[in-house]
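Q:
2 protein chains.
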Amino acid sequence: MIIINTQFKKGVLELLVMLMVENEDKYGYELVEEVSKIVDVNEGTIYPILKRLTNENYFETYLKESTEGPPRKYYHLTVLGKERKDKLLGEWIKFNENVSKFIKECEHNE
Amino acid sequence: MIIINTQFKKGVLELLVMLMVENEDKYGYELVEEVSKIVDVNEGTIYPILKRLTNENYFETYLKESTEGPPRKYYHLTVLGKERKDKLLGEWIKFNENVSKFIKECEHNE
DNA sequence: CCTAGTACTATGCATTGTCAAGTACTAAAT
DNA sequence: ATTTAGTACTTGACAATGCATAGTACTAGG
Numbered sequence: 001m002i003i004i005n006t007q008f009k010k011g012v013l014e015l016l017v018m019l020m021v022e023n024e025d026k027y028g029y030e031l032v033e034e035v036s037k038i039v040d041v042n043e044g045t046i047y048p049i050l051k052r053l054t055n056e057n058y059f060e061t062y063l064k065e066s067t068e069g070p071p072r073k074y075y076h077l078t079v080l081g082k083e084r085k086d087k088l089l090g091e092w093i094k095f096n097e098n099v100s101k102f103i104k105e106c107e108h109n110e
Numbered sequence: 001m002i003i004i005n006t007q008f009k010k011g012v013l014e015l016l017v018m019l020m021v022e023n024e025d026k027y028g029y030e031l032v033e034e035v036s037k038i039v040d041v042n043e044g045t046i047y048p049i050l051k052r053l054t055n056e057n058y059f060e061t062y063l064k065e066s067t068e069g070p071p072r073k074y075y076h077l078t079v080l081g082k083e084r085k086d087k088l089l090g091e092w093i094k095f096n097e098n099v100s101k102f103i104k105e106c107e108h109n110e
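In structure tokens:
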């Protein structure tokens, strides 16, 4: 998919990553691949998000060796992170409802 | 509504503004108020968008006197602007479908 | 004449995604 | 044995866009 507006992703990627890590600890490369299935994205975008969220205490990390390459850094959602995720998710859903409702109204007027 | 993630708006405001101008020419202040009904936003955000979209030939403008204050600058969507709007709208809908689908899947897993 | 409401402009800043390059490990192919 | 591909993480310069604040200026009503 050719993307003319990369801006749509802003903030949403952070939410997606937190949702992915919520149920199960994940490592960075894995997250890059999973997010890519939903939205076109590259490594240089995801790793900085992981770093930022770790610095802000939303994630905890630990290393684990891999038989397929260098060690993997796993991310685990903290209690603080879960709170943040809940807030973001609620906000996204509300935001999206408002925007989608407006778009539907516009389509009706045509 | 207290907004923790202002990033969600990125790119979407541009789309909202174009959708609003599509059916009827509108002036800036009017657009600020209309967008505010959907998403919390301030003047300093909308006017630069209008300027940018005009510079990029998506909007044409003309002035009209007002009995309620200084003259109003009206924005009209050009053919190029309509194309841009269609592309952005399609992209937003697709993007949103993907994200919403993923979020629903996450909610199922809980 | 002062204030509130209308209407537009400009500037410096913060946030976050992109691109590109670099490091390094493992396994399979040449 | 060396090269190549796939895995895995890091970093830094850059671009896009929204925010906050301040400023200009017009009209109408108290």
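Protein chains in written order, with the working numbering: chain A, 1 to 110; chain B, 1 to 110. Note that CB positions come from ideal geometry on N, CA and C, so glycine has one too.
Near phenylalanine 59(B), what residues of its chain come up, given a Cβ to Cβ distance below 8 Å and the 5 sequence neighbours on each side ignored?
A: Val21, Leu50, Leu53, Tyr75, His76, Leu77, Thr78, Gly81
Q: Rounded to whole angstroms, what is the Cα-Cα separation between lysine 104(B) and isoleucine 93(A)?
A: 11 Å
Q: Ends of the alpha helix (DSSP H) at threonine 61(B)?
A: Premise fails: threonine 61(B) lies in the beta strand (DSSP E), 59-64, not in any alpha helix (DSSP H).
Q: Closer than 7 Å, CB to CB, is lysine 10(A) near chain B or not?
A: Contact of lysine 10(A) with chain B is assigned, a C-beta pair being separated by under 7 Å.
Q: Does any CB atom of chain B fall closer than 7 Å to the CB of phenylalanine 59(A)?
A: no
Q: Please state whether the Cβ-Cβ distance between glutamate 43(A) and valine 35(A) is less than 7 Å.
A: Here glutamate 43(A) is not near valine 35(A), since their CB atoms are 7 Å or more apart.
Q: Using three-state DSSP, classify lysine 10(A) as helix, strand or coil.
A: coil
Q: Measuring straight from C-alpha to C-alpha, what distance separates isoleucine 38(B) and arginine 84(B)?
A: 21 Å
Q: Rounded to a whole number of angstroms, what is the C-alpha to C-alpha distance between valine 12(A) and leucine 63(A)?
A: If you draw a straight line from the Cα of valine 12(A) to the Cα of leucine 63(A), it comes to about 26 Å.
Q: So with CB distances below 8 Å, who are the chain A contacts of asparagine 109(B)?
A: Asn23
Q: Would you say glutamate 30(A) lies against chain B (beta-carbon separation less than 7 Å)?
A: no
Q: Checking contacts by CB at 7 Å: is isoleucine 38(A) closer than that to chain B?
A: yes
Q: With a threshold of 7 Å between beta carbons, is leucine 80(B) in contact with chain A?
A: no
Q: Counting along the chain, where does the alpha helix (DSSP H) carrying proline 48(A) start and finish?
A: Run containing proline 48(A): 43-55, per the alpha helix (DSSP H) assignment.
Q: Since leucine 88(B) and cysteine 106(A) should fall inside the 8 Å C-beta cutoff, what is the C-beta to C-beta distance between them, to a whole number of angstroms?
A: Incorrect: roughly 13 Å between the Cβ atoms, too far for contact.
Q: Where does the unbroken alpha helix (DSSP H) through asparagine 5(B) begin, and where does it stop?
A: First-last for asparagine 5(B): undefined, no H or E at that position.
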